[in-house]
Structures are given as C-alpha cells and as structure tokens.
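Structure first, commentary second.
Residue numbers (this note's numbering), protein chains in the order written: chain E, 1 to 716; chain P, 1001 to 1489.
Structure (structure tokens):
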C-alpha cells in the first residue's frame, strides 16, 4: 500500500492553507488586526477565479447551472483578477471597519464573512446558489499524464511496418521543462541551505558548523546527480540565506537537460528506426526520481541539524511516544477482524499489559503495597468493565466510562495520600500499573469463558480507547513535568521528534504490512519504492508524472513566490511600521505615520493572498459549495498562525504543516475504528484542535517558533 | 385609503406587516434571552465570548435528556419504550437535577455558599443547607415529574447549564485573565472554546438534525393547549371599526373560535386611554427627584410600559362587542401566532422580570451592576468580585440554555451549529444596545429581531438572508454610534 498519493494531497492542502495563513499573518501577526472574517476573501478569490474561467452559463455543458460572468478566461489572468478583487474587497471592508475597537472589528469582519457565505448560498443567479458550482478544467490538464498526454502518431518504419509512437510536442516539452526547473531549483536551494551553517535558529547547536560531513556529502551528491550538489555549493554563502541565482541556474540546467533528453532521444530513435527505450519516461524517472531521493536526504540532514541539540534520552522518549501510539491501536487492529488473529491478539495485548506493569514497577521502584494497590484497582476496573462490552454498542461506551470513573475515583483518592509526602510521580506510576492490569483483566473473562469474536472485538475497542485516554493523560503529565523528567531537551522538540518518528513508522514500515501479507517480499519492495520516489507516479507502463503531482509542484512554486514576497514585505520599512502599529498605534502616529493607511494596506495585501489561496482551491477541488467557506476556515488559519508563531512567516507555514499533518494522521487513525465511532472521532479531533489551541495560548503563547527576532534585538 | 365599493376586498385577509412585527418580537425575544448572558459576561467578566453560541447549543441538547432520552448516548440504556424511561433513569435524572442546583450554589463560594453566606441576610449554616438541599430536591422532583415535556427539559437544561458555564470561567478564562492577557487573546481563547464545545457536542450526540418531541396538544393543569397549531387572527376594517376573528387551524376544517368587533369609539378609546395611563404612570413614578434612594426597581419607564399594557388589555377585553365576519372589508390583515410562539414571548417577559428583580432587589444584583460599571472600583469597595463574575456566568448559562431550547421549539431543528447561527444576531443585539448595559442588550436584541423579520418582509430576499439583514443594521449602528444605543460616550 503506497502512501505517496496521500502525501501529495497533504502537500497541496498545506500549500493552499499556507498561502491563506501567510495572508492572515500579515494582517493579524504583523499588524494586529484580528480579522476573523479572513475566509470571506478566500471565498471571493475562489468564486472570482472560477466565474472568470467558466464558459457562459448558456453553454451546452452548463445547462443546469446559472451564474454571472462566465467569460471563459484562461487561468493566469483569472487568478490575477481574483487576487485584485479580493484585495479591493479587503480595502472596502477595512475602510469602515478598521476604525472600530478590536472586539468590534472582530465581530464586524466575522459578520461580513457570514454574509458573504449566505449571499452565495441564497442568490442562485450569482454562482448557482446552494448547489455546487463546477465545470471548469484545471490548467494544462491536457498535457498529462507525462508521457501519455500527447496523441500517438503513426510512424512508418523503413517503409514497411507501422508503429505507434508518442512524440513529445513542444508545449508539453515546455511544461515538463518548467516542472523540472522548479523541482531542481528547490533541490539546489535545499543543498545550499544544508551546506550553510545555521544562524538564528535557536535550536540548532551543531558542532562542526553545520556543514555536512563526507558521508553525508556523498549521499547528497549522488542523490542530486552531482548537478544539484554543484549548484547548491555555488549558492551556499558563508552566513545568511543562500543566494537565489545559482540555485535557479541549477534548476535551469536540469530543466534544459531533461527536456532535451526527452525531445531529442525519442526523435533520434525514430530516425534510427528503433523504439526500444522511451526517453521521455527515462527523463521523468531520472529527474523526478532522483529529486525524490534528494528530498529524503535533505529532509534527513535538516532533521539531523534541527534535532542535534536533543539529548539521546529525549530522542528515545520521542521514539517511544511514536511506538506507543502504534501499540495502543494493536488491540483494535488485532481483534477487530476476529477469527484467526484472536489468539495472537490476546497474546500481544497480554504482553503489552505485562510490559506496562513491569516497566512502570521497575522504573518507579514501587513498593509491594503500591503495586498491590495498582493491580487491585486495575483488576477491579477491568473485571467490572468486561461484561459490559459483551453487549456492544452503547454499552461499550458505558463500560469504558465506568472503568474510567472507577480508576479516576480510586486514583484521586490515592493522590491525596501520595501528595502528602510530596511525590506525584509515584501516583502516576500506580496509575500506570492500574491501566496495565486493567488491560489484562478486561480480557480475563474472554480467555476464561471463551468469548466469541464479537466479544473480543468490542473488548479490543474498549482496550484501545482506555489506552488512548491513558496515552493522552500520560503525554499531558510528561509535558507538565518535563523539566524534571526530560534530559535537557525541550518538550516541544521531543514531541516534534516523536511526530517525525511516527511519520516514518507509518510511511515506510506500516505500509509494508499489507503487501507482505498478500504479495510477499516483491510487493513490499514495490510499495517501498513507490513511497520513496513520491514525486513519480509508478505505473505498470513505467514512471510517469501525473496531474496531481504536477499541481502539487505548481502550488509549491506559488507558495514559494508568496513566501518570498511576504518576507520581503515584512522585512521592509513598510513591515516595520506594521509591527510598530501593532505594538502601539499612538507611538506610530506620533512618529508621523499615517497608521490608518498602513492598516488598510496590510488588509489589501493579506486579502489578496487569501484570494490567491481561494483561486488555487477552486482549481484543486474542481467544484465550489458555500459550505467550504464556513467561518471555521478562518479559525483554522488563525490556529496555523498562532501554532507556528505569530508574526513569523515560517511559523505560519509550520502551522499549516502541523494542522494538516494532524488532520491527515487522525483521519488515518479513524480508519482503524468501526464506522459508528469513526464519525465521532472526526468530530472529536476538531474539538481536540480547539483544546490544543487553548493549551498553546496558555502554555506557549509565542507559538512553536516564536516571533522572529528583528535586527535591533540581535544587536542588543 | 380610497373609499368606494371597488376597493373592498373579500375572503380571508393576507398576512402583512403586523404579522411580521409579531414574528420580529418572537425572534427578538429569543435573541434577547441569549443576549443577556453575553452582555453580562462581556461587561462584568470582560470576556468577548465567541463561544456564547455554543452555550445555546449545549442548552438545546441538554433538554433532550428529559424530552427525548432515546437520542442521548449512554443515557439511552434506560429507555424502556417510546419516550419512557425506567425508574433507574429517572433516578439518574433526579440526581443530576439536584446536583445541578447544588452545583450552581457551590459556584458562588464553595461550602460557605451552600451554608447561605451569599444571601442578602445573615442565616445560620443549618438553615442555609436546609434551604438549598430542599430547593435541590424540589427541583429534582419537578424535573422528574415533568418528563417528557419539553418545558421540563427547558428547566433542567437551564439549571444544568448554569452549573456548567462557570466552569469555563474558572478553568479557562480566569487563568488567562490572571496572567493579564488582553481582550484579543480572550477573544481567540473563546474561539478555541467554541470549537471544543461545538465539536464535543457533535462527537457525543452525532451531527444529525434533531428535533424535540412536542405533541400537537398538551394538557396543562387540565386545560388542553394546542401547542403547534397556528391560530389565525383575522382583523377586518369595516365602517370605521374593526372586527377580529380567531380561527383555530388544528381541526380540519378550521373552526372559528372568537369573533368580536370594536366600533370607532372603542378604537379611539383604545388609542387614547392606554397612552394616558402610561403618561400618568410615568409622572407618578418619576415625580421624586431623589432617584438614588427610591423607586428604582419599578421606575417611571417600566411603570409607563406596564400601565399601557394593562390598560390595553383591560380595554380589549371590556370593549369587545358582538360582530359577524364581514363578507367585504376595506382593509384586513392576518396574524398567525401559535401557542409555541406566544409562549416564547411569555417566557421572555418572565425571564426579563426575574432578571430585573435580581439586578435591583438583591445584594448580588447590585454588586453585579457595580462591577459592570467598573470592576476594579467594585473590588475596592469590598465587593466579592469573583462571586460577581461567577454569578454573571451562572446567569449566562441559565439564560442561554433557555434561549437554546426556545430555538429548538420554534425552528424544530437542532444541529451542533444551531447556536453559532444565533451568535451573530446576539452579538448584534449586545453591541447595538451598548456593551455595558444589560437593558441596552435587551433593547438592541428586539431591534435586531424586528429588523431580521421586517427585512425579509420588505426586501425581495430569501429567508436565508435573515442573519445578514441583522448584521447590516449592526454595521450601520457601529459606524454611526459605536458606543451603542444606550451606551455612554
């Protein structure tokens, strides 16, 4: 089972929301305007671009839809116009609203976003009303997949036989060249960044100045075909960000070479009259395949640098967190299907339970009495909960609740006693023993009395739920006591490391299980390869570049442009005035700045970015419905800004990665659960996002990366 | 109106502006009940509570425990038949109800509050405990006895949410306030809380559209009340007087229950006498210059309004004469209220009265008004501001639960988003009236409610745009008079 496709979809969402949150960051992070109606401009961008691109509603293909405009434009001018309209809308909203107090401003812009959504919903002449608006084709779809988008031509060989050959047309060649250019520019830039000693990043403590060693250099050179390595080395600077021009030059060389290979190769073969090798396939495979390898090497080097300051024990703890998350699913996965896995499942869960108990007892050096209390509580809770699970359905929940209540009551009573001699850790240890024993005890009746598969399945579900609650509680406890438990690294970094480990476990290891079961080692290797060369669509016919991957690379390119543009904006004198207004508007006014104009300008730029995100979303989703523009989108964008670090553009992107990573991971997690619980998990994860938001605001209001320090602060 | 035979219409009249006004008053009542809590929390606890809509949602869903237990996960194990709950289930309900009452009191200051130290007068702890426990038991009994009525659900949900809402204050907002965070941070925190609550509700109850189980006819103390059937009130204008006809649409065919007529003289009296009564009442209560010590609970404005209402009611009842439904009439209009809608007005009136008495007649209420003017000053003068803030949240929970259940009754569909849809009108009402004044919030809410219904009456737009109309009114007020209708400068 290859996950590369999901990774691509995830990447597209991250990029679109990254642009959206960059826009909000400019308004809220840098200028302090609490625009919780940001989604309105996203909506305007999406519908604006779509209405300009669509054919007239009188066209035969659109006979069931009514809408205005329908000018049949191409995408680039439509996107530009949509950005312009969103920007103008931002200005029109800002002119009256910006004079208001901040809470009034918030409700006013929230109101405007709700009004915009409702207008689209109710006015059917505008954009097809409550039903979805669709009917446009994404830009350049005709050229894909590559190869394969171009029609085959019949070629006469030596005047005798015919053969169908797909020849590479010039437009396709240009698109392909551009794709390779973008990918390899990024690769070269990445090489240059790795080769540059890190400055300013608080976490990077690298002994040898951050430059990769010999082995790492070799890996980089090989995976970037030497080309990216050479370009990256030229782009690397002694300190500060890498130079852009050499990186782009590297991309250009790769683009030209790849295109020439594909263009000339096939025609050369044709001239010779042989058609053994598809050079286009070769170009796709080599240039995108190696770019994929390079992406892993670069990611590994970045991760190595980022986590260099993390003590080994903390890193192990992070790995443990990741493994534990997989383990807590084991009862559900192993017992969910019933049948042959049952014995194995009970055995594994037994081991897990015993492991928890033994580990906790050993680590915390509990006394016999303490162990006795924990085991007793766990036995009681487990045995009490087990019969309830036999009924299934709601009773499972009732059983889980009873179990939790029993454990909760018992342990809170005990907590007072332990707190009396000041050791909260022992209390937690006993709670750990309780959970472990409970896990074992819940299966006792099943093992002793021989329950059926359904009984075991619902018990497995209960066990997973209890383990999940214990996991979250344990994580919270760890975070609260990290300064005592940890070995010196920060908790956020450890959790980051755990997340990376979890991704690797899921992406490379867990995907192997299914192919190994059904297709043996060959299938597993195939799956591994597909996941490794994630930029290439591996089809039975050979490597290809499909439209999804192309679109992903397109939005990556757009995001890179938007990022560079916003970074330039906020680093300019203009950006500094924005920050000054956020800190104290009166001071900025006293210094002779027309603060009103600056605020309106930041609203215009931020809204135009939201419009850009909307236009890209229109292309990606292929259909627009008013429900896609609910106020919660603004909330999500705000969350991204706050998670990564307010007034930090990199942070806004990190926020997008964290949010969509979490969404995708929980979606993936929910797929293991029975249907009726899946819907609940999907709602619960949004509730969890809200809770996480509040926790971050309380414990880490500056976000993960915090606000970037300005030059003045560095001087001090 | 141009006279002459040609202008005379026949048949039942169509509904017009008066009906839209009645609808506006009903919507305004719901918004007002919701807005009171937001306004108190805004002005006293200084939290711009964007999670207030979710309080309404929670309230609406809590009532299911009484009204439709079969849709409540976990609790549905006690359901034995159609809307019937086993004795164990009733015991759980009773326990929850009593716990809610005691929980509310406990929020006001822990064990001491249970002993009665929050009362306006000194009492012995035994009396305090006895009264509180007695109240709790009585309330539990009332809730259990009223199953599965939706109004029982309303009671349960009101007190239940009143016990829950202060938890948000203590566990969430107070932590940020103690750290000295600004208004914008509290606003974002409230957004986070709204996510937790809305999707928590969705995770627990599921995302389906639900509705209360409301019988067509309910019997209340032996009287049969057609709850959902519309009573058409047709008003005809003939010969300088009016004829009023009430048609009950529940039976098929509909039955005319009342026909009364008012002559020109009676109409003139109806116009003049209540106004005179109002004026007299205003002069009577407004006579004293010493406004700080006397006559504040029933002030001149309230007296005038009450006098007008009472006089109108008495005259409508006494001046009614016999009449027949005219075949042709100069003008006519139809009102279509139902018991459900009118009950909203009655409940709103009752709640507003209770709030008014609380704010003016109790020590706690006076402290709340002081705190809403200036929290720090109130603290300096020895007011227990923690208790005042918690009390604001208790009232917010109580009132928003009732508003939530009212929405459920009126619109017959409840989803996890129900409360959020009302957040905008409620905020509109609060800001419209001026953030610092509860009375302003009530006034603003009725303006918002009326403009929502009159907006879709006058403008050629669909009902989906109800909320936007309210919002446009708010925006105009924000731009012209940002401090609100009753706010100071």
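For every residue, glycine included, the Cβ atom is placed at its ideal position computed from N, Cα and C.
| Check | Outcome |
| --- | --- |
| Strictly below 7 Å CB to CB, what residues from chain P border residue 103 (chain E)? | 1048, 1183, 1187 |
| Hey, would you say residue 1371 (chain P) sits closer than 8 Å to residue 1044 (chain P), going by beta carbons? | yes |
| Under 7 Å Cβ-Cβ, which residues of chain P neighbour residue 689 (chain E)? | 1195 |
| Nearest by alpha-carbon distance to residue 93 (chain E): which of E:677, E:511, E:41 is it? | E:41 |
| Rounded C-beta distance between residue 1454 (chain P) and residue 1016 (chain P)? I'm assuming under 8 Å. | Incorrect: roughly 11 Å between the Cβ atoms, too far for contact. |
| Going by the CB atoms, is the gap between residue 1194 (chain P) and residue 1054 (chain P) shorter than 8 Å? | yes |
| Going by CA-CA distance only, name the one from P:1257, P:1074, P:1309, P:1247 that's closest to residue 1273 (chain P). | P:1309 |
| CB-CB under 7 Å to residue 422 (chain E), same chain, minus the five flanking residues each way: which ones, in chain order? | Since pLDDT at residue 422 (chain E) reaches only 45, below the 50 mark, its modelled position is unreliable, and no value is offered. |
| Can you check whether the C-beta of residue 1456 (chain P) is within less than 8 Å of a C-beta belonging to chain E? | no |
| Output, in sequence order along the chain, the residues in the segment 78-107 of chain E whose CB is closer than 7 Å to any CB in chain P. | 96, 100, 102, 103, 104, 106, 107 |
| Let me know if residue 1149 (chain P) comes out buried or exposed under the rule of 16 or more other beta-carbons within 10 Å of its beta-carbon. | buried |
| Using the C-alpha atoms, what's the distance from residue 51 (chain E) back to residue 71 (chain E)? | 7 Å |
| Which residue's Cα is closest to the Cα of residue 699 (chain E): E:312, E:192, E:492, E:137? | E:492 |
| Only counting the same chain, and skipping five residues up and downstream in sequence, which positions put a Cβ closer than 6 Å to that of residue 1238 (chain P)? | 1326, 1329 |
| Report yes or no: do the segment 1184-1202 of chain P and the segment 1232-1251 of chain P share at least 3 C-beta pairs separated by less than 8 Å? | no |
| Closer than 8 Å, CB to CB, is residue 118 (chain E) near chain P or not? | yes |
| If I'm right that residue 1425 (chain P) touches residue 1031 (chain P) with Cβ under 8 Å, what's the distance once you round it to whole angstroms? | 5 Å |
| Return the first residue and the last residue of the alpha helix (DSSP H) that residue 1200 (chain P) is part of. | 1183-1205 |
| Give the interface partners of residue 121 (chain E) over in chain P, defined as CB-CB distance under 8 Å, in chain order. | 1464 |
| With a CB to CB cut of under 8 Å and the five nearest residues on each side skipped, what residues in its chain are close to residue 974 (chain P)? | In the structure as shown, chain P starts at 1001 and stops at 1489, and residue 974 (chain P) therefore has no counterpart that could be examined. |
| Report the rounded CA-to-CA distance for residue 1133 (chain P) versus residue 1316 (chain P), giving the unit in angstroms. | 45 Å |
| Mapping the DSSP letters down to three states, classify residue 1328 (chain P) as helix, strand or coil. | strand |
| Which bits of chain E does residue 1467 (chain P) rub up against, with CB to CB less than 9 Å? | 111, 114, 115, 118 |
| Please check if any C-beta of chain E sits within less than 8 Å of the C-beta of residue 1450 (chain P). | no |
| In chain P, what lies closer than 9 Å to residue 697 (chain E) by C-beta? | 1176, 1181, 1185, 1188, 1189, 1192 |
| Please list the residues of the segment 1427-1438 of chain P that have a C-beta atom closer than 7 Å to any C-beta atom in chain E, keeping them in chain order. | 1427, 1431 |
| Assuming residue 693 (chain E) contacts residue 639 (chain E) under a Cβ cut-off of 8 Å, what Cβ separation, rounded to an integer in Å, is found between them? | 5 Å |
| Can the beta-carbon of residue 1394 (chain P) be found less than 8 Å from the beta-carbon of residue 1104 (chain P)? | yes |
| Just to make sure I have the definition right: I need the residues of chain P whose C-beta is within less than 7 Å of the C-beta of residue 635 (chain E). Which are they? | 1191, 1195 |
| Can you list, in chain order, the residues of its chain with a C-beta nearer than 6 Å to that of residue 606 (chain E)? Leave out the 5 residues immediately preceding and following it. | 23, 26, 27 |
| Does residue 1203 (chain P) get closer than 8 Å to chain E when you measure Cβ to Cβ? | yes |
| Determine the direct distance from the alpha carbon of residue 521 (chain E) to that of residue 641 (chain E), and round the result to whole angstroms. | 44 Å |
| Cα-Cα, which of E:169, E:104, E:312, E:46 is closest to residue 86 (chain E)? | E:46 |
| Should residue 487 (chain E) be labelled buried (16 or more other beta-carbon atoms within 10 Å of its own) or exposed? | exposed |
| With a 10 Å radius around its C-beta and 16 neighbouring C-beta atoms as the bar for buried, classify residue 1314 (chain P) as buried or exposed. | exposed |
| What are the start and end residues of the alpha helix (DSSP H) that includes residue 564 (chain E)? | 547-571 |
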